[in-house]
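>
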Amino acid sequence: MSVRFFPFAGAVRALLVGAALAVSAQAQAAGYPERPVRILVGVQAGASTDTLARLVAQKLGDRLGQPFIVENRTGAATRIGMETMARAPADGYTLGLANAVSTSFPLMFDNFPFVPGKDFVPVSMVGRAPSFLAVRSTLPVRNVAEFIAYAKANSGKLSFGYGGAGSNPHVAALTLVRSLGVKAIGAPYKGNAPTALAVGAGEVDFAMLEYAAVRPMVERGNVRLLAVTEPKRFALLPDVPTSTEQGLTREIEGMTPWFMWMAPAGTPKPVVELLNRHVNEILKLPEVQQPLRAAGIEPEGSTTAAATEYFLGERARITRLSQELGVSFKE
C-alpha cells in the first residue's frame, strides 16, 4: 500500500487549529459578563479615583448589560483594594482602578511588589489629574522665580505637605526641593484634600496638588497656583504656566496622579480586550469627558501594552528618584 503525503496538510491543520482557538477566544468573551462585576477602588468615596471609577462603571454597565459595582476597599495606601483585586479569581468579575501610588508598592511593602503579569494585567489607562505647585496665599511670592528666591532665603524653614508617603505628589515635592538646593520640612496628611486645607490654612508653605483637591482653596483665595507640572498648560487654567516653562526641573514634569484599569493576572485575554475596547470608547464620549475635565481629570485611554509600558516606566522613575533622594517609604 502506498502512502501519499500532502505537503500543505500541516499548514492546513495549523490554520484550522488557529481558527478554532480564535473562535474559542471569542466565545470566552461573547457571554461576558453573565453576572455583576465588582470594581475595587482603594480610596474613599468622593476621591478622584472613586469619581472616575463610578463614571466609567456606569457606562460599562449600560453597554454590557450587567451592573459594574464600585467597592471602596481603603487602607494601606490603596494596597488593600489592589491586593484584594490581584488575589481574586481571574475570571473578569473582579477588576480594580489603581492610581499612581501603586508604582511605589515595592518601596513601601516587602511582600507585595505588584508586578504586571504576575499580580495583575493592565486593561487600559483611564486618565491623569494634572498637579500644581500650590502655595499658601500669605506666602510673599507671585510666581516661580519669586518662589525659588524665597525657598533659598528660607532654607530649613520652608515646609511642604503631602497626602501619602511615596505618592507622586510626595516624590515630586522632594525632587523639587532637592533641585533648588534647599532644605524643607515635610508634613504628612491623610490625603490630598487635607493637604490642600493645610496649605490654605497656612500650616505649610506649599504642596504638589491635583486640581480637584485644591480648587476650593483657590476659589476662596487661600491658595495660589504657580505652575502645572505637565508638558502643556491645563485647559481649565490656561494662565497658569507649566513648571518647565518657568525653569523648574524636568524631573517633576508629568509626575502627577494617574489612573489605570486593572484585572487579576490570568484574566482571559478576550475579556481584557473587550473591556479595553469599551473603556477607550467610553472615554471619548462628551458626557464622560466633560465631568471628568471639570473635576480636573484628563481622560486618557490606551492599549494594554501601552499601559504596561507606562506603569513600568513610572515605577522605574519613582524607584530611581527615591534612591537618589535617599528616602524610604516603608512603614
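Positions -29 to -1, 1 to 302 (mature numbering (1 follows the signal peptide of the UniProt record, and there is no 0)) are the ones given, in order, by the sequence shown.
Cβ atoms here follow ideal geometry from the backbone N, Cα and C, with glycine treated the same way.
1. Quick one: give me the first and last residue of the alpha helix (DSSP H) that LEU151 is part of.
2. Which class does GLY267 belong to by DSSP, given the choice of helix, strand or coil?
3. Comparing alpha-carbon positions, which option in MET233, ALA234, ALA236, GLU271 lies nearest ASN251?
4. Please list, in chain order, all residues of the same chain as ALA(-3) whose beta carbon is under 6 Å from its beta carbon, the five residues on each side excluded.
5. Let me make sure I understand the geometry here. Which of PHE85, LEU197, ASN193 has the alpha-carbon closest to that of MET179?
6. Which complete beta strand (DSSP E) runs does the region 221 to 280 hold, if anything under 3 residues is left out?
7. Relative to the alpha-carbon of ARG113, which residue among PRO212, GLY17, TRP229, GLY132 has its alpha-carbon at the smallest distance?
8. For ASN82, which of helix, strand or coil comes out of DSSP?
9. Hey, would you say PHE103 sits closer than 9 Å to TYR182, going by beta carbons?
10. From the DSSP output, in three-state form, read off SER75 for me.
11. Among THR146, GLU216, ALA164, GLY192, which one has its Cα closest to the Cα of GLU295?
12. Here's the rule I'm using: 16 or more other beta-carbon atoms within 10 Å means buried, otherwise exposed. How should residue 305 be labelled?
13. In angstroms with no decimal places, state the Cα-to-Cα distance between PRO187 and GLU280.
14. If you run the structure through DSSP and keep just helix, strand and coil, what is ALA24?
15. For PRO159, which beta-bridge partners are listed by DSSP?
16. For LEU208 and GLU5, I'd like the C-alpha separation in whole angstroms.
17. When we look at the beta-carbon of THR166 and count the other beta-carbons within 10 Å, is it buried (16 or more) or exposed?
By the coordinates alone:
1. 139 to 151
2. coil
3. GLU271
4. Confidence at ALA(-3) is low in this model, with a pLDDT of 43, below 50, so its placement is unreliable and the value that follows should be read with caution. Once the five neighbours on either side are set aside, ALA(-3) has no close Cβ partner at all.
5. LEU197
6. 229 to 235
7. PRO212
8. coil
9. yes
10. helix
11. THR146
12. Since the first and last residues shown for the chain are -29 and 302, residue 305 lies out of range.
13. 35 Å
14. helix
15. TYR133
16. 44 Å
17. buried
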